[in-house]
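Engineer: Attaching a single structure in structure tokens format; questions to follow.
2 protein chains.
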Amino acid sequence: MNKTYISDAGRFEGQDVTVNGWLYNKRSSGKLWFLLVRDGTGLIQAVVSKADVPEESFAACERATQESSLSVSGRIAPDKRAPGGYELQVKSVVLHQTALDYPITPKEHGTPFLMDNRHLWLRSSRQTAILRIRHEIIRAIRDFFDSNGFTLVDAPVFTPAACEGTTTLFETQYFDEKAFLTQSGQLYMEAAAMALGKVYCFGPTFRAEKSKTRRHLTEFWMVEPEVAYADLDDDMALAENFLSAVVGRVLETRKEELKTLERDTAPLEKITPPFPRISYDEAAKMLKEKGVAFEYGTDLGGTDETVISEAFEKPVMVHRYPAEVKAFYMKNDPSDPSKALCVDVLAPEGIGEVIGGGQREDDLETLLAKIKKHGLPEQAFDWYLDLRKYGSVPHSGFGLGIERTVGWICGLPHVRETIPFPRMLNRLKP
Amino acid sequence: MNKTYISDAGRFEGQDVTVNGWLYNKRSSGKLWFLLVRDGTGLIQAVVSKADVPEESFAACERATQESSLSVSGRIAPDKRAPGGYELQVKSVVLHQTALDYPITPKEHGTPFLMDNRHLWLRSSRQTAILRIRHEIIRAIRDFFDSNGFTLVDAPVFTPAACEGTTTLFETQYFDEKAFLTQSGQLYMEAAAMALGKVYCFGPTFRAEKSKTRRHLTEFWMVEPEVAYADLDDDMALAENFLSAVVGRVLETRKEELKTLERDTAPLEKITPPFPRISYDEAAKMLKEKGVAFEYGTDLGGTDETVISEAFEKPVMVHRYPAEVKAFYMKNDPSDPSKALCVDVLAPEGIGEVIGGGQREDDLETLLAKIKKHGLPEQAFDWYLDLRKYGSVPHSGFGLGIERTVGWICGLPHVRETIPFPRMLNRLKP
């Protein structure tokens, strides 16, 4: 008999097939069992009539518990009321392993309990929907860059020096040296952009965040494009086209999953280029007008970002922050050197920053002065300085945090459900 | 004037465009300069005639050195002898930054010097060709799984316990605990396969290899598919279809890069399913016949793998090794419990193992006994054991090392050129 995945059941209408899966739920009606079976691709209702199956099959239905593994064989028949549009008219049931006292029951569980059982929690419809959307977001990101002439250049995880400060670094003994786990692949992407023109890296990055917030993980994935011969305007155009393409893809291909999550898709449908662009000065003015206690000259905090992003239906691109509050590698605005040619993209619905980027300092002497001013060890950056000695060009890029993006698109209040096995303060297992 | 990348020059035949790039090489012929310009997408010859350009443009050609950044504007004209098929008849040249004493000259350099200058070495045609093929291999891998119903499930890098031994683990302080950097996402993929049916992870993995060999990096990328309701035969079928699809894609789309690397593609064209399958016992017999000093019952070493792989034109799948030499999670062969239901795929041309995998032990008591026998801390595996308590099913998977695969397909003798920024013993920079 043909095996099929539930998502392909429609191709076998009227035929006999076997579905291998797990029992999601069941109910009985005397001489009938209704088994709701999941196989990772979907759910199907399997109808077992005592009259139509061997005795041991019917007994298997009695014994089968939530999450027991089983194979159900029978005919695929259309059923408009069924999830997926088909049901299975069962001819035999084989129970493989009986799950006793599966810990996650239909009743409500607390988050710590569910996180402790993350390896099982992943089986719930809500979690599989999130994982499938995460998969689609990652695929859409790669497709966007790959189809726009970018080359993937994986950045290293082990780095000899810190890109931005050292307080949140994870450290490891690397034979006779110390190594730090990367917080960003940007510096490496700058080198790669000089070789390949348009590049991106996409991998895990690490931050020893001691704060417990809904936005922070110690291990999170980031995609970082970098383009040679591109200025801040090019960078913003890239960011808005990119983000719109990613949101558009999820809307197009993951309707079912968004429905499972009860995500209102109306706000997502508005994510199309161009995005509004406001300067830091305009953002500061906006905060003042809204009565937010904000000190001009400082970085925007989480609350400030929320307030600003709530004022727009689309992601808003806030550019030209004070150079003082931004990293050493940012290029100063020639028309106002107190400002950096940077941009943060704040997602709407109060989400806040999902993208940070900008134009990089490309002048050797200026960059050297900045490294000294920031008190960074010059010799750790010798190779990075080489990029300004040998064919320096204007270049720009940005980083997008995957988990915040997944959280935004899925409409989740906390990033902990946006990654299969989250790592946070107090959370290293499973 | 339109900007163009060199790879798109053909679209602008007869038109005036600007190419932004770097000087790869130049030669003069009195009143003519021939500039060979690269921009990361290709090379184009720019012909500068003293009569046709402003004086400062011609002077810029004189001053331009290897890897100086410059923009050349002019008309795109077909030229059959030119790389790419077009040349640029220049109307103006703008020199952005003059590279003085670029360290990598056309003369031969030693490998340590090139590795120290990896951030610049990436600009050579050979290295960009390798990086583009690496990009294509990774894309082909993802396309294969994505189009075959797999869901990407990223495995964590921080893990509380070791999957296979502890001697080659990198350790980090994780707040009040110790964490280890992952060596494999497999255990997590087993959990995810029970949720989503077919899954894969794809990320960096870490091994504190003290040995300096041509096959080892401390940080390398691995893709690991895992399938629920799949046995060893299914696993081998998946491996041969997968590997054939990846090699086929590179042959189809990266002819130019393979030519740059002077890779003989004839051996790669033979990589189609089915692959030969031999048991460990047959492999041992083969080694004996070839006069290799090999002790029956031990694992195959690098040399053994080379000898076996050289005997086949296609990758050879060696299955059913002694259970003793394989990891605790391997299922024993019911028809000969001294053997594990595992498979190693050895690439031809003497490359050796690129894939290792097999069917996982799915019986709770057997698995528990194996964990004890291997002296592993049972409580570290409590969540993993849950997978056998709650709906255990036969399942299989494998891991493919990206760098070895890139090395094989590109025909490189050493893995150090297969990853943008290699990490090895004594190599943490740049």
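Note that the protein sequences, when read in sequence, are chains F and A.
Taking this note's numbering, the leading residue of the first sequence gets 357, the next gets one more, and so forth.
Taking this note's numbering, the leading residue of the second sequence gets 357, the next gets one more, and so forth.
Using N, Cα and C, we set each Cβ at its ideal position, and we do this for glycine too.
#1: Excluding the 5 residues flanking G398/F on each side, which residues of the same chain have their C-beta closer than 6 Å to its C-beta?
#2: Going straight from the alpha carbon of L476/A to that of G430/A, what length do you get?
#3: Taking the Cβ atom as the reference point for each residue, do A496/F and V606/F lie within a distance shorter than 8 Å?
#4: Should the stretch 721-733 of chain A be regarded as contacting the stretch 750-766 of chain A, the criterion being three or more beta carbon pairs within less than 8 Å?
#5: Cβ of Y685/F less than 8 Å from any chain A Cβ?
#6: Can a CB atom of chain A be found closer than 8 Å to the CB of K554/F?
#7: Tell me where the beta strand (DSSP E) around S448/F begins and ends.
#8: Under the assumption that M592/F contacts R783/F (Cβ atoms under 8 Å), give the Cβ distance between them as a whole number of angstroms.
#9: Taking only the alpha-carbon atoms, compute the straight-line gap between T819/A and R479/F and give it to the nearest angstrom.
#10: If you compare alpha carbons, which of K382/A, Y380/A and D372/A is closest to V446/A?
#11: Can you give the Cα-Cα distance for D718/F and S748/F, rounded to whole angstroms?
#12: Residues of chain F with CB closer than 7 Å to the CB of V509/A, please, in chain order.
#13: With distances taken from CA atoms, which of K641/A, P462/A, A584/A and L573/A is nearest A547/A?
#14: Using the Cα positions of A649/F and L643/F, report the straight-line distance between them to the nearest angstrom.
#15: Relative to the C-alpha of P410/F, which candidate in Q422/F, L392/F and K387/F has its C-alpha closest?
#16: Who are the neighbours of I765/F on chain A, taking C-beta pairs under 7 Å?
#17: At the 8 Å Cβ level, is Y458/F part of the contact set with chain A, yes or no?
#18: Where R772/F and W389/F are concerned, what is the direct C-alpha to C-alpha distance, given to the nearest angstrom?
#19: With DSSP run on the structure shown, which of helix, strand or coil describes T467/F?
#20: Quick one: which chain D residues come within Cβ less than 9 Å of E527/F?
#21: Under 7 Å Cβ to Cβ from T628/F, same chain only, skipping five residues before and after it: list those, please.
#22: Who are H675/A's beta bridge partners in DSSP?
#23: Going by the CB atoms, is the gap between L697/A and G714/A shorter than 8 Å?
#24: Tell me which same chain residues have a C-beta within less than 7 Å of the C-beta of A549/A, skipping the five on either side of it?
#25: 8 Å is my cut-off, CB to CB: does N794/A come that close to chain F?
#26: At a CB distance below 8 Å, what residues from the stretch 490-502 of chain F approach chain A? Give them in sequence order.
#27: Short check: CB of D655/F to CB of V672/F, under 8 Å?
#28: Under 9 Å between beta-carbons, which chain F residues line up against R356/A? List them in chain order, please.
#29: Tell me the rounded alpha-carbon separation between P462/F and R619/F.
#30: Since L552/F and T484/A are thought to touch, with beta carbons under 8 Å apart, how far apart are those beta carbons, to the nearest angstrom?
#31: Where does H751/A sit, in a helix, a strand or coil, going by DSSP?
#32: Taking three-plus beta-carbon pairs below 8 Å as touching, is the stretch 561-578 of chain F in contact with the stretch 538-546 of chain F?
#33: Which stretch, first to last residue, makes up the beta strand (DSSP E) that contains D395/A?
#34: Cβ of Q453/A less than 8 Å from any chain F Cβ?
#35: Cα-Cα, which of V449/A, L508/A, A433/A and F500/A is closest to I494/F?
#36: Is I432/A helix, strand or coil by DSSP?
Structural biologist: Quick look at the numbers:
#1: Within the first sequence, numbered from 1, the residue matching residue 398/F stands at position 42. So the qualifying residues of the chain are I362, S363 and G440.
#2: Position 120 of the second sequence, counted from the first residue, corresponds to residue 476/A. Position 74 of the second sequence, counted from the first residue, corresponds to residue 430/A. Each residue's Cα considered, the two are about 28 Å apart.
#3: Sequence index remark: in the first sequence, residue 496/F carries index 140 (1-based). Sequence index remark: in the first sequence, residue 606/F carries index 250 (1-based). Cβ atoms of A496/F and V606/F: closer than 8 Å.
#4: Short answer: they don't touch.
#5: One-based indexing of the first sequence puts residue 685/F at position 329. By this cut-off, Y685/F is not an interface position.
#6: Within the first sequence, numbered from 1, the residue matching residue 554/F stands at position 198. It does: the Cβ of K554/F has a partner Cβ on chain A nearer than 8 Å.
#7: Reading the first sequence from its first residue, position 92 is the one you call residue 448/F. Annotation for S448/F: the continuous beta strand (DSSP E) segment containing it runs Y442 to Q453.
#8: Along the first sequence, read from residue 1 onward, the residue named residue 592/F stands at position 236. Along the first sequence, read from residue 1 onward, the residue named residue 783/F stands at position 427. Not a contact, Cβ separation roughly 36 Å.
#9: Lying outside 357 to 786, the shown extent of chain A, residue 819/A is not represented and no answer is given.
#10: Here residue 446/A refers to the residue found at position 90 of the second sequence. Restricting attention to K382/A, Y380/A and D372/A, the CA atom closest to the CA of V446/A is found in D372/A.
#11: The sequence position of residue 718/F within the first sequence is 362, counting from 1. The sequence position of residue 748/F within the first sequence is 392, counting from 1. Using only the alpha carbons, I get a separation of about 6 Å.
#12: By one-based count along the second sequence, residue 509/A stands at place 153. Going along chain F in sequence order, the residues near V509/A (Cβ under 7 Å) are L487 and P776.
#13: On the second sequence, position 191 is the one that residue 547/A refers to. Distance check between A547/A and each of K641/A, P462/A, A584/A and L573/A places A584/A closest, using alpha-carbon atoms only.
#14: Working through the first sequence from its first residue, we reach residue 649/F at position 293. Working through the first sequence from its first residue, we reach residue 643/F at position 287. Taking the straight line from one Cα to the other gives about 8 Å.
#15: Working through the first sequence from its first residue, we reach residue 410/F at position 54. For the residues Q422/F, L392/F and K387/F, the minimum Cα distance to P410/F belongs to K387/F.
#16: Here the question's residue 765/F lines up with position 409 in the first sequence. Within 7 Å of the CB of I765/F, no CB atom of chain A is found; the nearest one sits about 16 Å away.
#17: Against the first sequence, residue 458/F aligns to sequence position 102. With 8 Å as the cut-off, Y458/F counts as an interface residue toward chain A.
#18: Numbered from 1 along the first sequence, position 416 holds the residue referred to as residue 772/F. Numbered from 1 along the first sequence, position 33 holds the residue referred to as residue 389/F. Distance between the alpha carbons of R772/F and W389/F: 37 Å.
#19: Here residue 467/F is taken as the residue at index 111 of the first sequence, counted from 1. Secondary structure at T467/F: helix, using DSSP grouped into helix, strand and coil.
#20: Looking at the structure shown, chain D is missing, and the protein chains on hand are F and A.
#21: Residue numbering aside, residue 628/F sits at position 272 when the first sequence is read from its first letter. Excluding five sequence positions before and after T628/F, the CB atoms of its chain that fall closer than 7 Å to its own CB belong to S600, given in chain order.
#22: For the purposes of this step, residue 675/A is taken as residue 319 along the second sequence, with counting starting at 1. Under DSSP, the beta-bridge partners assigned to H675/A are S635/A and V699/A.
#23: Looking up residue 714/A in the second sequence gives position 358. Looking up residue 697/A in the second sequence gives position 341. Yes, these two residues count as a Cβ contact at 8 Å.
#24: Numbered from 1 along the second sequence, position 193 holds the residue referred to as residue 549/A. Counting only Cβ-Cβ distances below 7 Å, and skipping sequence neighbours, we find V555, E582, V583, A584 and H751.
#25: This structure does not reach residue 794/A, given that chain A is present from 357 up to 786, and the question cannot be answered.
#26: Across the stretch 490-502 of chain F, CB contacts with chain A closer than 8 Å involve R490, H491, I494, R495, R498 and D502, in sequence order along the chain.
#27: Looking up residue 655/F in the first sequence gives position 299. Looking up residue 672/F in the first sequence gives position 316. By the CB criterion at 8 Å, D655/F and V672/F fall outside the cutoff.
#28: Outside the displayed span of chain A (357 to 786) sits residue 356/A, for which this structure offers no information.
#29: Position 106 of the first sequence, counting from 1, holds the residue named residue 462/F. Position 263 of the first sequence, counting from 1, holds the residue named residue 619/F. In this structure, the straight-line span from the alpha carbon of P462/F to that of R619/F is close to 21 Å.
#30: Counted from its first residue, the first sequence places residue 552/F at position 196. Counted from its first residue, the second sequence places residue 484/A at position 128. So it is a contact: roughly 6 Å between Cβ atoms.
#31: On the second sequence, residue 751/A is found 395 positions in, with the first residue counted as 1. H751/A sits in a strand when the DSSP states are folded into three classes.
#32: In this structure the stretch 561-578 of chain F touches the stretch 538-546 of chain F; the number of beta carbon pairs closer than 8 Å is three or more.
#33: On the second sequence, position 39 is the one that residue 395/A refers to. D395/A: not part of any beta strand (DSSP E); DSSP gives it neither H nor E.
#34: Against the second sequence, residue 453/A aligns to sequence position 97. Yes, Q453/A counts as interfacial toward chain F.
#35: On the first sequence, residue 494/F is found 138 positions in, with the first residue counted as 1. The candidate whose alpha carbon is nearest that of I494/F is L508/A.
#36: Here the question's residue 432/A lines up with position 76 in the second sequence. In this structure, I432/A counts as strand in the three-state DSSP scheme.
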